[in-house]
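The sequence shown begins at 16 in the working numbering and counts up one residue at a time. Cβ atoms here follow ideal geometry from the backbone N, Cα and C, with glycine treated the same way. Since the structure is predicted, the reported quantities are computational estimates derived from the model, not experimental observations. Below: the structure, in C-alpha cells.
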Amino acid sequence: MVKIERLHSGSYRARVHLGGGKYKSITGKDKKAVQLEAAQYEANIEAAQAKENDPHRGMTVGEAIDRYIDTKRNVLSPTTLREYTQTARNNFADIRDTPLYALTPAQVQAEVNKLAAANAPKTVRNKYGVLSSSLAMFRPDFVCRVTLPQKTKSSIII
C-alpha cells in the first residue's frame, strides 16, 4: 500500500518505491485519484517483474512442444508418444521458431487452416491438441479460440 501525503500546496503526493533508492512520485489535487493512479502504477511494475522472471520467456513454440512431450514421456503410451513426436517434427513449420510470447491466435488459426487443407478433421484435432496442450503448460494465460474443421459424418452401409 502506498502512503499518500498532503503537500503544502494542498495537492496530494504518492511515492511508489521502484527499488535501489528510487521512487516514482505521483501528484494530484484529488486524494482518491492519486491513490488509484499509484496503485495502478504499482500493479504494472509487479506484472512487468513477473513477466521478466518467467523462466519460459525466451522459449519458442517448437521448444515448448518438445518440452511438453519430454515432461509427458513416462505417462503416455508408446503410440501416443510416437504420434506427438511426429506431429512436432512434421507440422507447425511456420510458427515453430516463433517466440512463445509473440505467438498470436491468428498465427495459430493460419496453421490449423493449413493442416485442414491436407488432413482429415480428426487428424487436425489431434495435431492441434498437441499444440494447445503445450501452450497451456508453458503459457497458461494465452487464450486462443481456434475454429477447427467440422467432423465428417460417416455413412454406415449394412
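Whole-Å CB distance - residue i paired with residue j, under 8 angstroms assumed
i    : j    : result
F107 : V76  : 7 angstroms
Y143 : V127 : 6 angstroms
V31  : E57  : 5 angstroms
L11  : V145 : Given a span of 16 to 173 for the chain in the structure shown, any question on residue 11 remains unanswerable.
T100 : I84  : 6 angstroms
CB contact flag (residue i, residue j, <9 angstroms)
i    : j    : result
V161 : S147 : yes
Q122 : T113 : yes
A29  : K47  : no
I60  : L96  : no
L118 : R72  : no
Nearest residue (CA-CA) to residue i, options the options
i    : options               : result
H23  : V17, G35, T42         : T42
G25  : P114, P164, K44       : K44
M74  : I60, N134, I110, E98  : I110
S169 : R140, K18, P136       : P136
A103 : K166, R82, Q165, Y27  : R82
N105 : T86, L118, N134       : N134
Q165 : P155, Y27, I171, A132 : A132
Residue i CB to nearest heavy atom of the ligand ATP below 8 angstroms
i   : result
G73 : For the ligand ATP, the structure offers nothing, since it holds no ligand at all.
Coarse secondary structure for residue i, derived from DSSP in three states
i    : result
R111 : coil
V161 : coil
T95  : helix
T42  : strand
T102 : helix
K37  : strand
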